[in-house]
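One structure is given here, and the rest of the page talks about it.
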Amino acid sequence: RKNADLEAEQGALGAFRWKSPECLDGGVATFASDIFSFGMCIVEAVSGALPWGNHIDDIVVKYHVTKGELPQRPAVLEDEEWDLVQRMCCSDPKQRLNIVSVVVRLTAIVKRRDANRQLLQAAYKSDMLAGRENERMDAHTGGLDTLLQLVQSGVASRQNAARYAMQTFSALTQGNVLAEQEVLQVVELFHSDDTKQDWAAIALGYVNCPCSAIRVDVTPWLVGLIKRASDGLLKTEAVRAIGYLASDETSRTLTVSHGAIPALLKMMRAGSDAEQVGAARTLGCLAIGCEQNQVAIADAGAIDALVSLILHGTYQQQIEGALALRRLAEGNAKIRGDVSATCFDASFDIRDDATHRDAARMLEDIGQMRGGDEGKDSNTFPALVDLMLYGDDQQKNEAQTVLYARGHDRKNDRVKIHRDPIAILIAFVRVGAAEEKLESARVLHRLADDSDANRVTIVQKEGIAPLVALVRDGTDSQKENAAYALGVLVDGNDATQVAIVQKGAIAPLVALVRNGTNSQKEMAVKVLGRFADGNDAARIAVAQEGGIAALVAMMRGETDSQKENTARALGRLANGNDAARIAITHEGAIAPLVVLARDGTDNQRWFAVTSLKSLVNLNDESLHAICAPLVALVRDGTASQKENAAETLGN
1 RKNADLEAEQ GALGAFRWKS PECLDGGVAT FASDIFSFGM CIVEAVSGAL
51 PWGNHIDDIV VKYHVTKGEL PQRPAVLEDE EWDLVQRMCC SDPKQRLNIV
101 SVVVRLTAIV KRRDANRQLL QAAYKSDMLA GRENERMDAH TGGLDTLLQL
151 VQSGVASRQN AARYAMQTFS ALTQGNVLAE QEVLQVVELF HSDDTKQDWA
201 AIALGYVNCP CSAIRVDVTP WLVGLIKRAS DGLLKTEAVR AIGYLASDET
251 SRTLTVSHGA IPALLKMMRA GSDAEQVGAA RTLGCLAIGC EQNQVAIADA
301 GAIDALVSLI LHGTYQQQIE GALALRRLAE GNAKIRGDVS ATCFDASFDI
351 RDDATHRDAA RMLEDIGQMR GGDEGKDSNT FPALVDLMLY GDDQQKNEAQ
401 TVLYARGHDR KNDRVKIHRD PIAILIAFVR VGAAEEKLES ARVLHRLADD
451 SDANRVTIVQ KEGIAPLVAL VRDGTDSQKE NAAYALGVLV DGNDATQVAI
501 VQKGAIAPLV ALVRNGTNSQ KEMAVKVLGR FADGNDAARI AVAQEGGIAA
551 LVAMMRGETD SQKENTARAL GRLANGNDAA RIAITHEGAI APLVVLARDG
601 TDNQRWFAVT SLKSLVNLND ESLHAICAPL VALVRDGTAS QKENAAETLG
651 N
């Protein structure tokens with residue numbers, strides 16, 4: 001073990017023993033290469049020796065690794081555990097497990113081995129802990145303590161081992177309050193006054209130490225670390241630990257009181273890519289549910305800095321910046337207004353720039369955030385959806401894994417969720433929380449508008465029924481976005497039109513025309529017009545649900561755009577369907593259509609005339625009702641009325 005520490009400090013042997021094949025060939029480190037390195041740490045932990053043994057030259061190690069070979073399987077590893085290592089250390093980075101899958105598998109292994117802890121006990125009792133007199137395994141503390149020992153061993157040897165171990169330990173213990181005895185050993189390291197103190201503080205942040213006295217000591221240390229440290233890895237992990245430690249309002253306020261905000265903003269403006277990601281994420285954590293912190297963060301200039309990060313940063317930086325802005329916007333009305341205005345202005349400036357498509361979309365979405373409960377419920381879901389759809393391969397895989405698991409946790413019926421992005425979004429329309437349903441409907445609308453293939457997939461994955469249910473039973477914004485999605489789905493597809501009608505979409509859409517907000521009415525009229533275009537089943541359903549009366553009512557006294565869309569919808573309903581024509585005439589549509597043909601805008605007149613042409617052939621009574629007022633206008637109206645009436649009669 002002493003040899004390993006010495007060689008790691010020299011930066012020679014460790015560089016080859018834990019690096020992935022692509023990194024040994026000169027490639028840049030990625031999430032996937034981190035997973036490979038973590039797998040090598042597991043081999044070391046259970047074998048008590050360096051990967052590939054203690055007595056093999058670097059060049060030989062590189063030869064084996066770049067050929068896709070793995071070290072010899074440690075005898076203490078069972079089949080399931082060796083399979084985990086093999087899948088973490090695939091030669092093809094794309095075939096490696098993501099961190100979420102690793103954590104899930106490790107959790108299962110630790111739980112299974114709780115009763116018989118021979119695996120890591122044997123390793124830690126051998127040369128891995130040689131020379132460390134005061135450390136021992138506590139048989140009663142279970143699998144979490146085993147991982148805690150791995151944290152300590154990483155602190156004692158290489159920074160990377162500490163990093164991977166702490167990340168896993170954090171993931172396994174999130175949401176749990178650990179017994180004080182389980183953190184006392186790391187507390188001892190924190191008070192050791194040597195180089196291990198920084199990493200011990202980070203470890204205590206990661207495990208969200210339960211003792212308030214420990215937090216009081218650790219928090220200022222971590223804030224000081226990001227102010228003074230020159231080691232990029234230390235700073236990055238310290239920022240991450242602060243985010244974990246800020247799990248309640250008291251901790252968040254304490255962190256800010258030690259000057260975290262200026263340090264984080266400085267890092268976000270001038271740090272490395274990883275530091276900027278961590279700083280944005282932690283600023284967002286400090287803003288959660290704490291208006292005092294939200295005000296302090298906004299007053300320090302964070303809004304402009306976060307918008308700049310979205311405009312100029314990597315995709316991961318954009319995601320974290322957007323999430324932090326959303327959390328700031330949950331604050332008081334002034335902050336929400338400042339966030340909204342700044343984001344709208346920034347999105348307006350880049351709206352036509354194809355190279356800033358993602359940034360423009362994120363900024364526009366933030367600018368449209370609402371106050372109240374729906375706005376406050378936004379949380380991480382939009383960011384995860386963005387990663388699932390638009391991230392790199394690793395980000396897509398990890399975000400999809402998280403959302404898939406969350407969807408299964410929420411699922412309260414027996415419908416199977418397929419593991420692909422569109423199916424996951426459909427699942428959240430059905431079983432998600434309020435903001436999850438809203439965001440899922442909004443994204444499905446956007447995807448359906450993008451391509452025929454997406455529209456087909458949404459229908460095949462049974463997305464129609466949950467969208468119809470959301471139009472019927474959702475909040476105002478949910479209804480509107482779900483209806484938009486349904487309207488786009490029918491685009492040029494008769495079978496989809498029929499399927500949507502059969503799922504009962506017409507009744508809730510008519511209800512929106514009758515009783516919705518102005519924007520809901522306008523949207524519902526557009527969608528009904530699309531459904532009725534060339535589809536007799538939809539026309540009959542609209543009439544049966546009282547939709548014609550509701551549409552005719554909208555011709556009187558509503559907005560200009562509503563009148564235009566209503567005239568268009570009535571024309572589509574009347575086209576080639578005598579039953580619909582009779583119903584439209586019976587409900588008194590002719591008079592308001594004539595008024596629109598006489599006095600409306602160019603578009604209103606066009607659609608009104610189209611509707612009247614469909615009605616004029618119904619019978620002599622309809623012909624007279626349409627022509628008589630127009631003839632009178634030709635004789636006695638104003639110049640423009642005479643011109644419009646004559647043109648309508650000519651049509």
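Per the numbering used here, the sequence shown starts with residue 1, numbered consecutively.
Cβ coordinates follow ideal geometry from the N, Cα and C atoms, glycine included.
Between ARG87 and ALA32, the gap from beta carbon to beta carbon reaches 7 Å or more. DSSP, reduced to helix, strand and coil, places PRO421 within a helical segment of the structure shown.
Excluding five sequence positions before and after PHE344, the CB atoms of its chain that fall closer than 7 Å to its own CB belong to GLY367, given in chain order. With a 10 Å radius around the Cβ and a threshold of 16 neighbouring Cβ atoms, GLY301 comes out exposed.
Ranked by how close their Cα comes to the Cα of LEU84, the residues GLU436, VAL43, THR66, HIS55 have VAL43 in first place. Annotation: the continuous alpha helix (DSSP H) that includes MET388 extends over 381 to 390.
Taking C-beta separations shorter than 8 Å and ignoring five residues to either side along the sequence, the partners of LEU384 in its chain run ALA399, VAL402, LEU403, following chain order. A straight-line Cα-Cα distance of about 8 Å links LEU570 and ILE584.
For SER308, the uninterrupted alpha helix (DSSP H) run begins and ends at 302 to 312, by DSSP.
Listed in chain order, the alpha helix (DSSP H) runs fully inside the stretch 244 to 280 are 249 to 257, 260 to 270, counting runs of at least 4 residues.
In this structure, CYS89 keeps its C-beta atom at 7 Å or more from the C-beta atom of LEU77. Residue burial annotation: TYR63 is exposed, with fewer than 16 other C-beta atoms found within 10 angstroms of its C-beta. The Cβ atoms of LEU509 and ALA524 lie closer than 7 Å to each other. Of the residues assessed, ASP533 falls on the buried side of the cut-off, its CB having 16 or more other CB atoms within 10 angstroms. Residues GLU545 of the same chain have their beta carbon placed closer than 7 Å to that of ALA507, with the five preceding and five following residues left out of the count. With respect to CYS285, ALA246 sits close: the two C-beta atoms are nearer than 7 Å. Judged by DSSP in its simplified three-state form, GLU78 adopts coil rather than helix or strand. Here the C-alpha atom of ARG581 lies approximately 45 Å from the C-alpha atom of ALA360. The C-beta separation of ILE335 from GLN292 comes to about 12 Å, leaving the pair out of contact by the 8 Å criterion.
When the alpha-carbon of GLU587 is set against those of ARG556, ASP560, TRP606, the nearest one is in ARG556. The Cβ-Cβ distance between LYS563 and GLN604 falls below 7 Å. ASP473: member of the alpha helix (DSSP H) spanning 464 to 473, first to last residue.
Between the alpha carbons of PHE16 and LYS94 lies a distance of about 21 Å. Cβ-Cβ distances below 6 Å link ALA465 to LYS503 in the same chain, with the five nearest sequence neighbours on each side left out; the list follows chain order. Shown here, ILE582 sits in a helix according to DSSP, grouped into three states.
According to the DSSP assignment, GLN95 belongs to no alpha helix (DSSP H), since it is labelled neither H nor E. Here DSSP, grouped into helix, strand and coil, assigns GLU330 to coil. Taking 8 Å as the upper bound for CB-CB distance, ALA322 and ILE310 are in contact here, some 6 Å apart. Only residues of its own chain outside the window of five on either side were considered, and among them VAL239, LEU264, MET267, MET268, GLY271 have a CB closer than 7 Å to the CB of ALA279, listed in chain order.
According to the DSSP assignment, GLN460 belongs to the alpha helix (DSSP H) that extends over 452 to 460.
The alpha-carbon of GLY407 is positioned some 48 Å away from that of THR601. ILE590 and VAL443 have their C-alpha atoms some 39 Å from each other. Cα atoms of ALA433 and SER451: separation of roughly 27 Å, rounded to the nearest angstrom.
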